[in-house]
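Have a look at the structure below, then the notes.
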DNA sequence: TGATATTTAATTTAACACAATTTAATTGTT
DNA sequence: AACAATTAAATTGTGTTAAATTAAATATCA
């Protein structure tokens, strides 16, 4: 029934449903994000840019919990698409300033539909969604 | 204070803390898993194998929510390490049977320490951990 | 002040994961 | 028996991430 290896079973892990949920939710976004020609990581980066308009890579990394190894190639792609610009700071050449373009801002209007569509897919009650949100933020605070 | 783009802000997304939590938790595992010379995905695969002892790739994929594109190279690495064997089924040559080896089983003893160590890192109350577990499983059921 | 070390910021590289496609084996239908 | 449809795994290409590297700025001290 129960042996000493029970604690190694997948059903007794908290990390596993967390890993699976995140992966599945990103997968659910895919068809919606394909319409904007964005990956999920590009999407959250654009969310940060829609809000902040200007940012350097370091700040963006702190907001998004991404490091520059992820952001550098990603930002180059967004620049290629014309959604942002990348320019070195005159004051400190180490800093790369990211600015949103007009085209980038325009994309927000198309993106507005997505959060509502996703809610419909995930199908959690308002209470569960709020509870999940709170616990995940606690977890993130704890591990920083 | 509030504008029509509020619904696109990161702080109003549920997906974002989910994405960050999963990533950060996997990152926390890294130092412990380095001692076993396993990646996180290899670790959950070994968990499935410690429990089931034998499995084909399809079954393993269903258990782990991974596809053959992820599993094929991963299983070859675990085979190289001597933790599993990969053999084609005699009954149906399309099926690749994965079996755990003695060396693979032995690794479970070292892995036994990890769940406890991770609990210490994540630092959620028993109530929060249980609640999180339940909601995540609901979410996974909903999106299947 | 000038030389050197340290810190900081971003890029590059290599490994891993995932989506989409391909190949191979089996089953079903006529 | 022949062909189509289905199933299982492998392969390929793209994106993400950790670790190492490069470049720039600042601090230390002779």
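Chains as they are written, first to last, in the numbering used here: chain F, 1 to 144; chain P, 1001 to 1144.
Beta carbons: idealized from backbone N, C-alpha and C, even for Gly.
As the structure is a computational prediction, the values presented were derived from the model and not from experiment.
When P:1070, P:1009, P:1013 and P:1043 are compared against residue 1115 of chain P, the one with the closest alpha-carbon:
P:1043
Where does residue 1094 of chain P sit, in a helix, a strand or coil, going by DSSP?
coil
Helix, strand or coil, according to DSSP, for residue 1041 of chain P in the structure here?
helix
Let me know the secondary structure DSSP gives residue 54 of chain F once reduced to three states.
strand
With residue 1046 of chain P and residue 1038 of chain P assumed to form a contact (beta carbons below 8 Å), what rounded beta-carbon distance in angstroms separates them?
7 Å
Can you check whether the C-beta of residue 131 of chain F is within less than 9 Å of a C-beta belonging to chain P?
yes
Would you say residue 1128 of chain P lies against chain F (beta-carbon separation less than 9 Å)?
yes
Could you tell me the boundaries of the alpha helix (DSSP H) in which residue 1070 of chain P lies?
1068–1080
When the Cα of residue 1030 of chain P is compared with those of P:1118, P:1125, P:1144 and P:1088, which residue comes out closest?
Taking only the C-alpha atoms, the option nearest residue 1030 of chain P is P:1118.
Going along chain F, which residues have a C-beta under 9 Å from residue 1140 of chain P?
Listed along chain F are 17, 20, 21 and 24, each with a C-beta nearer than 9 Å to that of residue 1140 of chain P.
At what residues does the beta strand (DSSP E) containing residue 1085 of chain P begin and finish?
Start and end: 1084–1088.
Could you pull the DSSP bridge partners for residue 63 of chain F from this structure?
None, per the DSSP bridge assignment.
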